[in-house]
Amino acid sequence: MDFISIKKAMKQGSGDVAIRGWCYRARGSSKLRFIILRDSTDIIQCVVEKEKVSEQSWTGAEKTDIEASAEVIGEIVPDARAPTGFEIKVKDFNLIGQSVGWPIQKDQSTELLADLKHLWLRSRYMTSILKIRSTVFGAINEYFRKEGFYEFQSPIFQATQAEGGSTLFPVAYFGKTVYLAQTWQLYAEPAIFSLEKIYCIAPSFRAEKSKTSRHLTEYWHAEMEVAWANFEDIQNHGEALIKHVVRKVLTCNKEELRLLNRDTKILETVANAPFYRMTYSDALRVLNEKCSIEIEWGKDLRTIEEDELSKLYNNFIIVTHYPKLVKAFYMKEDDANADVVHGCDFIAPECYGEVIGGSERESDLDKLKARLIEMGENPEHYNFYLDTRRYGSVPHAGFGMGVERLIAWICKLENIKDAIPFPRTMIRTTP
Ligand code: 4AD
Ligand code: MG
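Plus 18 on top of the position in the sequence shown (first one is 1) and you've got our numbering.
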């Protein structure tokens, strides 16, 4: 008999089936055992009666404890009392791998679950998140490809910073120091002269010394760069991308969202209603008027201010025209006001912070050099990058999206660490 998934077996709903998986729960007596088996698709109750199976089957079933693996052949029947509405009356039970003393009990601390993440991945909670994560990655690829983007890869070992020296990870490299990529951007900009519209999803690294619920040291970064695009074009792309991803999750992951107790109303709103857009100066005004928070013009928005802002709206907010001094060197200066740049942050609803950071790029070679010097950098080290402005420079723009930030919000996770299977933070590098 061919093994089928638990979901498929339940769809079949009657007759004999062969399934295999891991023990989710087990209980019983000396004559009868109820073993709930799970696979990647669902769970199902299997009933083993000593009288009705071989001695080998019964011994196997008796030894089956939480997370042991087994193959089961039996008749599937509807049963309203069973956890998923069906039950398998077992004819043959084959214990494959025993599991003795499974270390995860009920009500375990977050810390212990993090230490046991390699095992905790098997939980329905983590399995649901991982399925949504898979949908999100697929949807990002799908969005960019349907919009005519090429996938383009950049190096992870890089010789310079792009997003500020304070979060660089140095790597000893044959007697020199190089850094792990904070972004693909400085290599993506040269590539648009070849491909015009490009994207990638790759790991980025930030030496974040903060222990917050939204910072990882290694995260997956979905980035895009477009020749001839202006500031508004990339805001539109960012909005359309998030809408596409959320719609995809809403259609493909109903069951997972339900298991995570995610209220989908706000996901529907994000998928369908336009995002809010406001300038940094407007954001300061709103924070002052509605939240009595006073921020001096020129200071970056901190987490608490982004959170207060997000509580006022039930959708993403695109904040634009930030002060030049709080943003990266490559952002384009506004023609009408040299103090602000064409840079934007997408602030997620429900206090999930910045999910996308993007900008139109400065095309003026001298301004770029001046900004680098201001930041204490030697423009010589950026020569390859500055060549993009020397040979046929064009207006262009792009953004980067933190994939785990988006997943954390979609699933409404307490901490970004559950949005990635094996999180890396300042204090965690294992498992
Ligand atoms: O705003 P950032 O620093 O922008 C860039 O890196 C640009 N070069 C992107 C571009 O224009 N191509 O980072 C982009 C996004 C942030 O909005 C955030 O979602 C995510 O990356 N991010 C992090 N996610 C998890 N942990 C961290 N430590 C992150 N730092 C940034
Ligand atoms: Mg940013």
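Backbone N, C-alpha and C define an ideal beta-carbon position, used for all residues, glycine too.
These numbers were taken from a predicted model, which means no experiment stands behind them.
Quiz item: Is the distance from the Cβ of C64 to the Cβ of V90 below 9 Å?
Solution: A Cβ-Cβ contact shorter than 9 Å links C64 with V90.
Quiz item: Any Cβ of chain B within less than 9 Å of the Cβ of E80?
Solution: Chain labels in this structure do not include chain B; a single protein chain is all it has.
Quiz item: Under the criterion of a Cβ to heavy atom distance below 8 Å, does G256 qualify as lining the ligand MG?
Solution: no
Quiz item: Relative to the ligand 4AD, is the shortest distance from any of its heavy atoms to the C-beta of L247 smaller than 8 Å?
Solution: One point to set straight first is that residue 247 is Ala, not Leu, in the sequence displayed. False, no ligand heavy atom lies under 8 Å from that Cβ.
Practice problem: Using a threshold of 9 Å, state whether the C-beta atoms of N332 and T287 are closer than that. | Solution: yes
Practice problem: Verify the contact flag: D325, CB atom, against every heavy atom of the ligand MG, threshold strictly below 8 Å. | Solution: no
Exercise. Determine the closest residue to F192 out of E312, V66, F175, with distance taken between C-alpha atoms.
Key: When each option's Cα is compared against that of F192, the closest is F175.
Quiz item: If you run the structure through DSSP and keep just helix, strand and coil, what is Y205?
Solution: helix
Exercise. Sort A36, R43, E105 by Cα distance to E80 and report the nearest one.
Key: R43
Quiz item: Quick one: what does DSSP say S184 is sitting in, helix, strand or coil?
Solution: helix
Quiz item: Which residue's Cα is closest to the Cα of E324: V373, G92, S32?
Solution: For E324, the nearest C-alpha among the options comes from V373.
Exercise. On the DSSP bridge assignment, give the partners of N112 in chain order.
Key: In DSSP, N112 forms a bridge with E89.
Quiz item: Which one of G166, L386, T406, G361 has the shortest CA to CA distance from A206?
Solution: T406
Quiz item: Comparing alpha-carbon positions, which option in I216, V264, S231, K229 lies nearest V244?
Solution: The shortest CA-to-CA distance from V244 to any of I216, V264, S231, K229 is the one to I216.
Quiz item: Is there at least one non-hydrogen atom of the ligand NAD closer than 8 Å to the beta-carbon of F417?
Solution: Among the ligands modelled here, namely the ligand 4AD and the ligand MG, the ligand NAD does not occur.
Exercise. Verify the contact flag: H339, CB atom, against every heavy atom of the ligand 4AD, threshold strictly below 8 Å.
Key: Flag unset: Cβ of H339 not near the ligand 4AD.
Exercise. Pull up the CB-CB distance for N271 and T153, whole angstroms please, since I reckon it's below 8 Å.
Key: 6 Å
Quiz item: Between the region 253 to 269 and the region 139 to 149, do three or more beta carbon pairs fall short of 8 Å?
Solution: With a cut-off of 8 Å, the region 139 to 149 and the region 253 to 269 do not count as touching, because too few Cβ pairs lie within range.
Quiz item: Mind checking R163: buried by the 16 CB within 10 Å criterion, or exposed?
Solution: Counting of Cβ neighbours within 10 angstroms places R163 among the exposed residues, the total staying below 16.
Quiz prompt | Classification of P188 by the beta-carbon crowding that lies within 10 angstroms, buried from 16 upward | solution = exposed
Quiz item: Do R224 and T185 have their C-beta atoms within less than 9 Å of each other?
Solution: yes
Quiz prompt | Closest by C-alpha distance to N401, when choosing among A177, S127, K317 | solution = A177
Exercise. Can you have a look at W246 and say buried or exposed, based on whether 16 or more other CB atoms are within 10 angstroms of its CB?
Key: exposed
Quiz item: Rounded C-beta distance between P341 and D363? I'm assuming under 8 Å.
Solution: Contact doesn't hold; Cβ gap of about 13 Å is too wide.
Quiz item: Taking 8 Å as the cut-off, is the CB of E372 close to at least one heavy atom of the ligand MG?
Solution: yes
Exercise. Go to Y143, then tell me how far its alpha helix (DSSP H) extends in each direction, as first and last residue.
Key: 142 to 164
Quiz item: Residues bridged to L50 by DSSP?
Solution: E67
Quiz item: Less than 8 Å between the CB of D363 and some heavy atom of the ligand MG, yes or no?
Solution: yes
Self-check item: Proximity winner among L383, V267, S328, relative to R280 (alpha-carbon distances)
Solution: Looking at the Cα atoms, V267 is the closest of the given residues.
Quiz item: Relative to the C-alpha of L277, which residue among R442, S87, C429, P439 is closest?
Solution: C429
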